[in-house]
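Enquirer: Chains as they are written, first to last, in my numbering: chain A, 1 to 501; chain B, 1 to 501. Where is the CB? At the ideal position from N, CA and C, for every residue including glycine. Below you will find the structure I want to go over with you.
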């Protein structure tokens, strides 16, 4: 094998891996969007075969020899090739540590767990989901032991979702947020509550669907490469490469804002994914680099843009056109206040910006305790309800509105939730930096997202996974990450909405 | 290797093949139903990798050795195992004759061709599709040369879709039909034409969708295993196994009968597929055995049941409930006559039963001539229009309503069309046989499809691919196939609708 051959094989290997990811991703997507109800076992059968093939491909002798050869010649690789080898070696060294049967069994478990979670949520029946969730936590812990035997298992998984993140840094981050959010929420509660009546009524699905398409186009998504479907829980996924990206939403007939912000949130993910340089397609460098950076983009469009007054003013005529009776007598300013109403609530994805991170902290605390063995999966509903009382002052009426609300655990994403809070905070600091060179508010008012997207593309999207998350972030910010910027942003938002001093 | 090991490997091999078919089938299904417009190249990339893997699996040394071993021990296999080996060996011996690059390139071509066909049809632009269709015909011819160098290429493909079918037997079959259909159509044209006004109007998609679900449940489909989507051209596909089967339809807002009969037609395919014994899942014996038998089931439910007076009487109250204004003043008998109006028309899938086979003959003639080199793909639009004038007396206004109307050619299904006519004729003879033991009309009137489905399950469905098509058919019929039964059926139908003597 010479270097040129090895480089060609490196590309071919990644194309093959992308194909398996495409197939497996599409199976999951189909399960969440279109597949008939009783087909999970059938999908599980196929996924177990494909994940076995994919495992063999990744850990096979040819692959390992190729990567070791390239690693030994890393000085002769360009930056992209070197990073590909680095990522692949890390993934493969991890995968090699998991016995194939366990890897395949886990993939199959996740398909079943997702299916059961849907039914459990629908019927608010945690007992149904409990044995699956127990296995997921147990496997997560076991795999962490394989991957990084010297590390605390939860630290390991936090670091997988956001490079360098640990319980310690996470605790510190959340403590900072809490120290500013709790008093802020108290001040807000002393003011007269704003009304969100304008968001409620009857909003036909076909009109909401029209709104989704309008928003997607407005924010600069290319609808010939980005599709929209409906699912129980909104998400974004790229299939094969960023050239085929799907977002999903969940329509509520009695409230248009819920889906509206899901679309803008998932649209942010899709902008990031589809913003990778096109020649990164079918390589491991394609798409977003970490969940924290990903959420910085989704929550950027959802909140920093989507919940701003200029944005609500921009889209208000469209809202009036789609919902003329429902919005009669209301102004853009009414909608702005309504979508920024800060108030403890039960459902994370519908939470306002101020209370949002408290929802995340509940999940983080519970994951931390289960992973440490301080509580069991069986305890989760009761512990969940206790923390909602403690952090948000609310009584949880049932598990559907409590511990069963999110799809993450059924998908095995233990350690993911802090990314939402981190991403929100990254985003707040990113927009400050962007404002040094882009008149963001003026762009939004004109409905011209090109300069905003161009900034994000230049500083974040186009790299794909070329730069490590923390390097990328600090390069874009031109500074260290500082969560206080986010706290100040939230305070300013409350000033505008509630007239706080 | 001992026999028990080999038998276990036989099952494992088929499970692996099923997984690849699931993935590749889902990619195509996604492309036809949900994928954003500009994603065909991305799917093609993945399909090319997966078809290469699948090719390697099928033709690899291990597989060939396994099957040769089992073939040498065929006396020790049970009937199912023996048939599995027979089918696999036939497929693999064929595949081995195609160079892998050509096999993969053809899979990729089909993805692109399907994409281009959609655009070409939409814009009635045959020139766009022509180069793809040329390559498809050329490859079809070339592959036939690889598979069966001694056979005429079109004979080869006819036989692939329906065991034993050749140009000679096909010519004879169509000549028989023509000798009875052409005079029948003449007699009908001398009678006063029936009105189909009741089928036309404004029929909202959501109501039609409700009708689809109602029909699917009525005919006995299990909606937890059979899904419904919309596509340009209706079809049925099973993904991974018959446990996950999808049908599609195409809604026309100004006519409810078009989608209604698509759903019942595709529903018939789905009943057949999902009727395989469950322990055939993930083997090559799962699902329907040939396209002719498949169409015998789809056209059975569409026409012999769906266009019968008892059926229309059964569903009429539901139609009135869904479309009260549109159907005001009409009776079930009006709808019965309307859906049986015999009249030359342009679109095959919307054709009445009497003219239907003439549409099929046009396609058969054209395929035959292109495959024989008598005409080129470039000639197809003009030749198509000429034959529509000759067989149906119609002027074709544009290629959208002409040569571009069907999806089969873009999918590489050259030699498929005769199955529709054969299946229609098989069905007519099957229902006669069924009526010896089942009071079919009484069952339909009561809306009790269980005895009808039970007969089909016992005589056709449950076998999957265990019996060869002609064996299966003659066993079910208890007689040789006789196309004259179908001709008589058509004549009787016209008597009922037009009062012919």
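(1) Do residue 92 of chain B and residue 59 of chain B have their CB atoms nearer than 8 Å?
(2) Taking 8 Å as the threshold (C-beta atoms), are residue 418 of chain A and residue 162 of chain A in contact?
(3) Per DSSP, residue 230 of chain B forms a beta bridge with which residues?
(4) In or out: residue 317 of chain B buried (at least 16 other Cβ within 10 Å) or exposed?
(5) With C-beta atoms as the reference, is residue 25 of chain B less than 8 Å away from residue 43 of chain B?
(6) Give the DSSP-derived three-state secondary structure of residue 308 of chain B in the structure shown.
(7) According to DSSP, which residues form a beta bridge with residue 303 of chain B?
(8) Does any CB atom of chain A fall closer than 8 Å to the CB of residue 502 of chain B?
(9) Go through its chain and collect everything with a Cβ distance to residue 384 of chain A's Cβ below 6 Å, but skip five positions before and after it.
(10) Identify whether residue 2 of chain B lies in helix, strand or coil by the three-state DSSP scheme.
(11) Tell me the residue span of the alpha helix (DSSP H) that contains residue 262 of chain A.
(12) So with CB distances below 8 Å, who are the chain B contacts of residue 55 of chain A?
(13) Would you report the Cα separation of residue 254 of chain B and residue 266 of chain A, rounded to the nearest angstrom?
(14) Taking the alpha helix (DSSP H) that residue 424 of chain A belongs to, which residues open and close that run?
(15) Give me the chain B residues within the contact set of residue 215 of chain A, using Cβ-Cβ distance strictly less than 7 Å, ordered along the chain.
(16) For the beta strand (DSSP E) that residue 238 of chain B lies in, which residues bound it at each end?
(17) Identify, in the order they occur along the chain, each residue of the same chain with its Cβ nearer than 6 Å to the Cβ of residue 9 of chain B, setting aside the five sequence neighbours on each side.
(18) In chain A, which residues lie with their C-beta within 8 Å of the C-beta of residue 226 of chain B?
(19) The alpha helix (DSSP H) with residue 390 of chain A in it runs from where to where?
(20) Tell me the rounded alpha-carbon separation between residue 445 of chain A and residue 460 of chain A.
(21) Would you say residue 464 of chain A faces chain B, with C-beta separation under 8 Å as the test?
(22) Would you say residue 43 of chain A reaches chain B, if we count a Cβ-Cβ gap shorter than 8 Å as a contact?
(23) List the residues that DSSP assigns as beta-bridge partners of residue 200 of chain A.
(24) With C-beta atoms as the reference, is residue 389 of chain A less than 8 Å away from residue 395 of chain A?
(25) Nearest-angstrom Cα distance between residue 252 of chain B and residue 312 of chain B?
(26) Would a check of beta-carbon distances place residue 103 of chain B closer than 8 Å to chain A?
(27) For chain B, find out if any of its Cβ atoms is closer than 8 Å to the Cβ of residue 244 of chain A; answer yes or no.
(28) Grouping DSSP H, G and I as helix and E and B as strand, with all else coil, what is residue 437 of chain A?
(29) Using a threshold of 8 Å, state whether the C-beta atoms of residue 283 of chain B and residue 242 of chain B are closer than that.
(30) Quick one: Cα of residue 356 of chain B to Cα of residue 155 of chain B, how far?
(31) So which of B/117, B/297, B/56, B/443 has the shortest CA-CA distance to residue 104 of chain B?
(32) What number of angstroms, rounded off, separates the C-alpha of residue 448 of chain A from the C-alpha of residue 34 of chain B?
(33) Using the Cβ count rule (16 or more neighbours within 10 Å means buried), how would you classify residue 399 of chain A?
(34) Contact criterion: CB-CB distance below 8 Å. Does residue 282 of chain B meet it with respect to chain A?
(35) With a 10 Å radius around its C-beta and 16 neighbouring C-beta atoms as the bar for buried, classify residue 72 of chain A as buried or exposed.
(36) Going along chain A, which residues have a C-beta under 9 Å from residue 233 of chain B?
Expert: Straight from the coordinates:
(1) yes
(2) yes
(3) Residue pairing by DSSP places residue 230 of chain B opposite B/249 in a beta bridge.
(4) exposed
(5) In this structure, the beta-carbon distance from residue 25 of chain B to residue 43 of chain B does not fall below 8 Å.
(6) coil
(7) Residue 303 of chain B pairs with nothing; no bridge assigned.
(8) One cannot answer for residue 502 of chain B here, as it falls past the ends of chain B, which runs 1 to 501.
(9) 402, 403
(10) In this structure, residue 2 of chain B counts as coil in the three-state DSSP scheme.
(11) 256 to 274
(12) Near residue 55 of chain A there are no residues of chain B at all, since even the closest Cβ is about 14 Å away, more than 8 Å.
(13) In this model, residue 254 of chain B and residue 266 of chain A are separated by some 36 Å (Cα to Cα).
(14) 418 to 434
(15) Here the premise fails: no neighbours, minimum Cβ distance about 16 Å.
(16) 236 to 238
(17) Result list for residue 9 of chain B: 66, in chain order.
(18) 36
(19) It is not in any alpha helix (DSSP H) - residue 390 of chain A carries neither H nor E in the DSSP assignment.
(20) 24 Å
(21) no
(22) True, the Cβ-Cβ gap to chain B drops below 8 Å.
(23) A/255
(24) yes
(25) 20 Å
(26) no
(27) yes
(28) coil
(29) no
(30) Distance between residue 356 of chain B and residue 155 of chain B, taken at the CA atoms: about 23 Å.
(31) Measuring from the Cα of residue 104 of chain B, the nearest candidate turns out to be B/56.
(32) 29 Å
(33) buried
(34) yes
(35) exposed
(36) Simply none; closest approach about 18 Å.
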